[in-house]
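Q:
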Amino acid sequence: MTRVARLILALIVGLAVLTFAASGVVESTVRQWSERDMEARALLVLTGARPALADAWYDPAALNKQLDALDSDQRVIGVAACGEDNATRASTADFPAAFGCTDVGPRVRDLESSFTRKPRDWSIVATLPTGLALVSAMPVQVNGQTLGFAILVHDLSYIDTRQRRAQTFLLAIFAALAIMAFGIPILVNRQARREWSLELRDLLRGRGKQNREFQPILTDMRELIGRIVNEREDDPGRWTAERLKHTLNRYLQGEKVVILANREPYIHHRTPSGAIEVQHPASGLVTALEPIMRACSGVWVAHGSGNADRDTVDRRDHVRVPPGEESYYIRRVWLTEEEQQGYYYGFANEGLWPLCHVAHARPIFRVDDWNHYKSVNQKFADAVCSEVDSEDPIILIQDYHFALAPAMIRKRLPAATVIVFWHIPWPNDQRIGICPWRNELLEGLLGSSILGFHTQLHCNNFLDSVDRYLETRRDREHNAVVRQGHRTLIRPYPIAIEWPVRWVEEADSLEECRKRVWHDLGLKPDAMLGIGVDRLDYTKGVEERLLAVDRLLERFPEFRGRFSFAQLAAPSRVKIPRYQELNDTVEQLAEHINNRWGHGDYKPILLLRRHHEPPEVFRFYRAADLCYVSSLHDGMNLVAKEFVAARTDLKGVLLLSEFTGAARELTEALIVNPYDLEASSEAMALALTMPADEQRDRMRSMRALISQFNVYRWAGNMLVDAARLRDAERVSARLTDPNHISTAV
């Protein structure tokens with residue numbers, strides 16, 4: 068039931084209760100008024116007739132005539148005259164025997180004796196076979212001497228009729244009010260919606276007055292229609308690498324794309340034997356972007372971090388990748404140890420990283436780190452500008468390492484279309500205010516043409532931050548920020564993975580993967596395996612994950628000796644004290660849990676602290692019974708999507724932290740709060756006992772989503788938006804160029 072339906076039902080029930088209560092009040096009021104009216108009428112009749120009755124008291128014929136005269140009123144049932152001895156002197160034919168002189172007389176005597184100055188009338192309401200009746204009596208006196216008393220019985224059955232009429236009238240009034248209360252707003256609402264729809268339809272067709280209130284809706288609808296038309300024109304099916312390449316050729320005429328990211332997709336590392344090997348870093352950023360570069364070609368500008376990187380580049384610091392395919396270039400930028408310490412470890416990862424993640428680590432800001440951050444951003448911006456081959460290139464800048472680079476690039480290439488994608492959460496305006504250089508960060512990011520985040524919440528947080536700390540204009544029609552004449556669009560682009568995943572296509576069969584993982588880990592044939600795949604980072608909730616395993620074994624003894632959890636933990640940022648502390652804590656925690664529950668060859672925690680190449684990671688994905696993503700705060704987390712992509716058998720269960728962007732999309736996973744160890748351990752138990760049919764249903768639904776909303780669609784949407792924006796800016800530049808106008812004239 069919708070909220071509106073519940074509200075209407077509550078109002079109807081309230082109105083019914085009010086009507087019932089009012090009906091009771093009306094009934095009581097009508098009865099009281101009628102009885103008082105009849106009592107007053109009886110008193111008036113008896114008082115007026117008393118002299119005539121006294122004169123005829125001793126003449127039976129005359130007395131009967133007087134009683135018949137009183138009985139002529141249609142509401143009078145009967146009249147009787149009683150002597151002092153309570154004997155009946157005369158009565159009308161219909162006088163009810165239940166109220167004879169012998170019954171009423173003593174009551175009148177008691178009432179009369181209590182008043183010495185003047186006689187009082189007496190009356191009661193009684194029930195007769197014909198209905199209610201009012202019985203009234205009054206003494207008859209002559210010169211102060213009481214002759215007897217007269218009894219008058221009035222019919223009160225008309226009161227029921229009067230009550231029914233009043234109740235009917237009341238119900239009619241309430242029904243009319245209900246119709247007015249509900250009917251009129253409904254009619255007004257329908258008419259308003261009709262007029263609103265007609266006006267919006269006219270606006271979409273280019274007719275009618277351009278109302279300002281419709282502009283945000285029109286913008287969103289046109290954007291959506293444009294995307295739908297684009298997808299229908301290209302291919303109504305799934306986005307692929309070929310489709311992305313075709314789309315970019317159509318919109319960008321085959322131009323190369325320049326990506327700026329701190330991390331390079333391939334690292335050349337020299338082994339102790341002197342041989343050079345290629346490593347693929349454990350990074351969600353690399354996972355998302357590398358398929359795009361293979362599909363589109365171009366240049367990836369990144370920090371050359373491998374100890375053999377210099378040995379593999381040409382004289383322009385370029386190297387072609389991937390090995391054996393060589394579809395695009397990496398341009399490596401070299402940093403000194405001091406620059407690396409200040410820019411990367413210092414400001415980026417001791418300052419911005421904890422600032423943007425609600426994971427209970429205090430951000431640290433140092434002036435020297437900030438200075439290195441500025442100088443390194445300038446160095447990378449210069450490298451990007453040296454790689455472009457036009458005045459208005461399309462440049463993709465990735466993540467929090469380069470918040471200042473967009474404005475630096477804009478300064479050298481004013482016509483460039485710069486897309487920035489912020490891969491981590493953007494904090495609220497109060498939290499970003501902690502940073503001493505918050506204004507500079509915001510100004511740097513507003514140098515971009517499009518600024519993308521994973522979720523609308525992060526977009527809203529950024530807009531709130533700009534509103535609070537900078538003098539800008541909010542363009543609500545286009546969901547943009549305008550500063551010093553430059554407009555930056557703020558958009559949500561939930562990041563994804565490639566589909567199909569090449570590591571899955573190249574992987575061994577599911578049976579072979581499971582057999583090999585079981586052999587490598589020394590597991591028993593009937594063992595059950597859970598996995599976690601992360602950099603060893605405090606935002607990933609690795610400690611909470613291991614504690615949940617400990618609680619599982621404590622609460623559910625049936626899993627002891629059988630369930631093991633393998634944590635693939637790539638070392639990360641080991642020069643930062645907080646990461647060193649995490650490394651020690653995780654190791655000690657794993658040892659504690661193994662000592663508590665392990666025995667013989669059985670270890671519940673298998674901590675694999677080393678770099679794992681994608682083929683090995685996907686082997687674990689395909690072998691495990693469950694995968695637990697327990698991030699305490701995360702932008703998206705692509706491990707969750709990789710696990711789903713790896714399960715071509717539709718088996719396995721995903722446990723997913725509610726504090727990840729992925730939880731908004733993969734709703735068929737078991738969504739948990741990683742801080743709640745009771746609920747997390749219970750979810751693990753549920754996953755390990757989940758029927759195969761339910762596993763298939765959940766996995767099939769999630770795979771359908773990530774196959775459609777894959778990285779090619781993510782990149783295509785961003786790059787097509789950028790291309791359209793660039794086309795619009797080119798048209799605007801021609802229209803505002805005086806030379807162009809004069810030539811045209």
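Position 720 of the sequence shown, counted from 1, bears residue number 787 in my numbering, the numbering being contiguous throughout.
Just so it is clear, CB atoms sit at the ideal spot from N, CA and C, and this is done for glycine as well.
Buried or exposed for residue 478, going by 16 or more other Cβ atoms inside 10 Å?
A: Flag for residue 478 reads exposed.
Q: My output table needs one value for residue 560: the three-state DSSP class, helix, strand or coil.
A: Correct three-state label for residue 560: coil.
Q: Taking the alpha-carbon of residue 712 as reference, which of 723, 752, 572 has the nearest alpha-carbon?
A: Nearest C-alpha to residue 712: 572.
Q: Taking only three categories from DSSP, how would you classify residue 97?
A: Helix.
Q: From the DSSP output, in three-state form, read off residue 673 for me.
A: Note: residue 673 maps to strand in three-state DSSP.
Q: Rounded to whole angstroms, what is the Cα-Cα separation between residue 95 and residue 219?
A: Whole-angstrom Cα-Cα distance: 24 Å.
Q: I need the boundaries of the alpha helix (DSSP H) containing residue 475, first residue and last residue.
A: Here the alpha helix (DSSP H) through residue 475 covers 472-479.
Q: Going by C-alpha distance, which of 621, 329, 550 is nearest residue 539?
A: Ranking the options by Cα distance to residue 539, first place goes to 550.
Q: Could you say if the segment 719-734 and the segment 501-515 meet the contact criterion of at least three C-beta pairs nearer than 8 Å?
A: The segment 719-734 vs the segment 501-515: no contact.
Q: With a 10 Å radius around its C-beta and 16 neighbouring C-beta atoms as the bar for buried, classify residue 125 as buried or exposed.
A: Counting Cβ neighbours within 10 Å, residue 125 comes out exposed, since fewer than 16 surround it.
Q: For residue 616, report the span of its alpha helix (DSSP H) as first-last.
A: Taken as a continuous stretch (DSSP letters only), the alpha helix (DSSP H) holding residue 616 covers 609-622.
Q: Could you please give the first and the last residue of the uninterrupted alpha helix (DSSP H) stretch that includes residue 307?
A: Unbroken run through residue 307: none, as it is neither H nor E.
Q: Name the two residues that bound the continuous beta strand (DSSP E) containing residue 149.
A: Element bounds for residue 149: 143-150.
Q: Taking 8 Å as the threshold, find out whether the segment 526-543 comes into contact with the segment 567-586 through three or more Cβ pairs.
A: Contact between the segment 526-543 and the segment 567-586 is absent, because fewer than three Cβ pairs lie under 8 Å.
Q: Ends of the beta strand (DSSP E) at residue 383?
A: That residue, residue 383, is in no beta strand (DSSP E); it is neither H nor E in DSSP.
Q: Cutting at 7 Å between CB atoms, please list the residues of its own chain near residue 643, excluding the five before and the five after it.
A: Taken in chain order, the residues that qualify are 412, 416, 417.
Q: Return the CA-CA distance between residue 844 and residue 699, expressed in angstroms with no decimal places.
A: The structure shown does not extend to residue 844, since the chain is modelled only from 68 through 812, so no value can be given for it.
Q: Check the DSSP bridge columns for residue 599 and list the partner residues they point to.
A: 634.
Q: Is the segment 780-791 touching the segment 729-744, taking contact as three or more C-beta pairs under 8 Å?
A: Because the criterion of three Cβ pairs below 8 Å is not met, the segment 780-791 and the segment 729-744 do not touch.
Q: Could you work out which residue in 372, 388, 375, 546 is closest to residue 366 when comparing CA atoms only?
A: The shortest C-alpha separation from residue 366 is found at 388.
Q: Would the segment 137-146 and the segment 162-176 be scored as touching if the rule is three or more Cβ pairs under 8 Å?
A: Output reads yes: the segment 162-176 touches the segment 137-146.
Q: Can you have a look at residue 257 and say buried or exposed, based on whether 16 or more other CB atoms are within 10 angstroms of its CB?
A: Classification for residue 257: exposed.
Q: Please classify residue 762: is it buried, with 16 or more other beta-carbons within 10 angstroms of its beta-carbon, or exposed?
A: Classification of residue 762: buried, given that the 10 Å Cβ count is 16 or more.
Q: Closest to residue 459 by C-alpha separation, out of 481, 326, 470, would be which residue?
A: Of the listed residues, the one whose Cα sits closest to residue 459 is 481.
Q: Expressed to the nearest angstrom, what Euclidean distance is found between the alpha-carbon atoms of residue 135 and residue 227?
A: Going from the Cα of residue 135 to the Cα of residue 227 covers about 27 Å.
Q: In the DSSP assignment, find the alpha helix (DSSP H) that holds residue 228 and state where it starts and stops.
A: Residue 228 -> alpha helix (DSSP H) spans 225-245.
Q: Which residue or residues does DSSP assign as beta-bridge partners of residue 724?
A: In DSSP, residue 724 forms a bridge with 739.
Q: Quick check on the DSSP output: the beta strand (DSSP E) that includes residue 212 runs from which residue to which?
A: From DSSP, the beta strand (DSSP E) with residue 212 extends over 212-222.
Q: Nearest by alpha-carbon distance to residue 814: which of 193, 364, 645 is it?
A: Nothing can be reported for residue 814: it is not among the residues displayed for the chain, which extend from 68 to 812.
Q: When the Cβ atoms of the segment 487-504 are set against those of the segment 669-689, are three or more pairs found closer than 8 Å?
A: No, the segment 487-504 is not in contact with the segment 669-689.
Q: Among residues of its own chain, excluding the 5 on either side of residue 506, which ones have a beta-carbon nearer than 7 Å to its beta-carbon?
A: Excluding residues within five positions, the ones whose Cβ falls inside 7 Å are 536, 537.
Q: Per DSSP, what are the beta-bridge partners of residue 542 in this structure?
A: Answer is 547.
Q: Taking the straight line between their C-alpha atoms, what separation do you get for residue 448 and residue 409?
A: So the two alpha carbons sit approximately 18 Å from each other.
Q: Would you kindly work out how many angstroms separate the C-alpha atoms of residue 204 and residue 242, rounded to a whole number?
A: Cα-Cα distance, rounded: 44 Å.
Q: With distance defined between alpha-carbon atoms, name the residue in 600, 370, 234 nearest to residue 683.
A: Nearest of 600, 370, 234 to residue 683, Cα basis: 600.
Q: Under a three-way DSSP split, which group does residue 660 fall into?
A: Helix at residue 660.
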